[in-house]
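Colleague: Count along the sequence shown from 1, then add 361; that gives the number in the working numbering.
For glycine and all other residues, C-beta sits at the position ideal for the given N, C-alpha and C.
Provided herewith is a single structure, encoded as structure tokens, for subsequent inquiry.
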Amino acid sequence: MIAAALAAALLALGLLVHLALNAVRATGAAAPPRPRITPEQARHAGAEDMRAAWLGAQLGALPPPQRGGDAAFVAARLAEVPRADWDAAALRRHGQLLWSLRPAAARAGLLAEVEERLDRVAAMLSDLTGREFDTRLGQSDERCLCHPDPQVRAAYLAGGSDGVDAVMRTISEARARGRQDAAARAAADSLARQRNAALRALREIDRATRTRDAHAAWDEQARQLGG
């Protein structure tokens, strides 16, 4: 009797194991396969994640994309060139607006110009505020960072280094651009002063000529009256 009970228990246990295995197989078959990540994709993702983290750190909370906006509107915003005398709030407003216009810029063929402007604004903010950027924020994709393939992990980290190099180049270029803009504005101001002085001198010459002619006319009239 004990043997019969033991056999029944073993049979029930075997049935439970069989059902559990079937459930696992069914779950595995139903689950979608994880997309394969190549090292090239991981490196690109690493660079993009680093840039996005840097932009977010400088621009603050990034707004959602705007549904509207045509090419003329995007071009008008790009025409508002940041100046060295803008404060951090003005730079952030400009950058956040351009960020929200990225879909419209893509439709208008102006995305490259918008992305370049975003980098420049972030670089200007970095110099203006002196805020330190923690590069760990740019290595946040756990799929790549903890990927079972060591080549993918290494590529993701290398992409992050690429992103930091790009940030450093952007900051250097923004500083050079700022110096060029300042020199151009100084030259324009100097030239404007010279032009103003030339016009002022011309007015003075005209005024002196008219005064001299008036005196000559008065003298001639007096001579005629006296003669």
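Return helix, strand or coil for residue 446, following the three-state DSSP convention.
Modeller: Walking along the sequence shown from the start, residue 446 turns up at place 85. Reduced to three states, the DSSP call for residue 446 is coil.
Colleague: Have a look at residue 458 and residue 546 and give me their C-alpha separation to the nearest angstrom.
Modeller: Taking the sequence shown and counting its residues from 1, the one referred to as residue 458 is at position 97. Taking the sequence shown and counting its residues from 1, the one referred to as residue 546 is at position 185. In a straight line, the C-alpha of residue 458 is about 26 Å away from that of residue 546.
Colleague: According to the neighbour-count rule (16 or more other Cβ atoms, all chains shown, within 10 Å of its Cβ), is residue 561 buried or exposed?
Modeller: Along the sequence shown, read from residue 1 onward, the residue named residue 561 stands at position 200. Exposed, because fewer than 16 other Cβ atoms sit within 10 Å of the Cβ of residue 561.
Colleague: Could you tell me the alpha carbon to alpha carbon distance between residue 446 and residue 505, rounded to whole angstroms?
Modeller: The count along the sequence shown starts at 1 and reaches residue 446 at position 85. The count along the sequence shown starts at 1 and reaches residue 505 at position 144. Whole-angstrom Cα-Cα distance: 41 Å.
Colleague: Start and end of the alpha helix (DSSP H) containing residue 320?
Modeller: The question about residue 320 has no answer here: the residues shown for the chain are numbered 362 through 588.
Colleague: Decide yes or no for the touch test of the stretch 417–429 against the stretch 477–493: beta carbon pairs closer than 8 Å, at least 3 of them.
Modeller: Yes, the stretch 417–429 touches the stretch 477–493.
Colleague: Under the assumption that residue 527 contacts residue 412 (Cβ atoms under 8 Å), give the Cβ distance between them as a whole number of angstroms.
Modeller: The residue given as residue 527 occupies position 166 in the sequence shown. The residue given as residue 412 occupies position 51 in the sequence shown. Contact holds; Cβ gap of about 7 Å.
Colleague: Can you find the residues in the same chain that come closer than 8 Å, C-beta to C-beta, to residue 531, ignoring five residues on each side of it along the sequence?
Modeller: Along the sequence shown, one-based indexing puts residue 531 at 170. Same-chain partners within the cutoff: 480, 481, 483 and 484.
Colleague: So, for residue 406: in the same chain, excluding its five sequence neighbours on each side, which residues have a beta-carbon less than 7 Å away from its beta-carbon?
Modeller: Stepping through the sequence shown from its first residue, residue 406 is reached at position 45. Around residue 406: 502, 505, 517 and 520.
Colleague: Identify which residue in 403, 408 and 402 has its Cα closest to the Cα of residue 522.
Modeller: Counted from its first residue, the sequence shown places residue 522 at position 161. Minimum Cα distance to residue 522 is reached at 408.
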